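Numbering (this note's numbering), first residue to last: 1 to 122.
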């Protein structure tokens, strides 16, 4: 559920790592509190991306009428998520920002690069 971690309960969390498994579970105010308390947050856009990625794999396989084994899908998914995590961690460190902001910045950068390379489709 969204917005379950709020400014009212964020200070009560006793963890060093928070992986957001739901969409938008943390409010902006809670995000600041957790950051100030030194909690490392893996944002929902990374931690919750597996389903969307595998849905894309299904779409591609259906279009091509070619099917990968479960092991192939798991390996492809692990490679994509690991790469995205590493890029986000690097961007967060390099830009001195949170993982959430780095993930958003990376996403915006990728869309901008695609737009420059491909142009804007109607």
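Just so it is clear, CB atoms sit at the ideal spot from N, CA and C, and this is done for glycine as well.
Just so you know, these numbers come straight off a predicted model, no measurement behind them.
Using a Cβ-Cβ cutoff of less than 7 angstroms, which residues in the same chain neighbour residue 21 once the five nearest sequence positions on both sides are dropped? As a position in the chain shown, residue 21 is number 21, starting the count at 1. If we look at residue 21 and ignore the five residues flanking it on each side, its Cβ neighbours are 47, 48.
What does DSSP give as the partner residues of residue 66 in its beta bridges? Along the chain shown, read from residue 1 onward, the residue named residue 66 stands at position 66. Note: residue 66 is not bridge-paired with any residue in the DSSP secondary-structure output.
Can you find the residues in the same chain that come closer than 6 angstroms, C-beta to C-beta, to residue 29, ignoring five residues on each side of it along the sequence? Along the chain shown, read from residue 1 onward, the residue named residue 29 stands at position 29. A distance below 6 angstroms between beta-carbons, with the five flanking residues on each side excluded, links residue 29 to the following residues of its chain, in chain order: 7.
Status (buried if at least 16 other CB within 10 Å, exposed otherwise) for residue 82: Within the chain shown, the letter at position 82 stands for residue 82. With fewer than 16 Cβ atoms within 10 Å of its Cβ, residue 82 is classed as exposed.
Kindly indicate the opening and closing residues of the alpha helix (DSSP H) around residue 33. Within the chain shown, residue 33 is the residue found at index 33, counting from 1. Annotation for residue 33: the continuous alpha helix (DSSP H) segment containing it runs 28 to 36.
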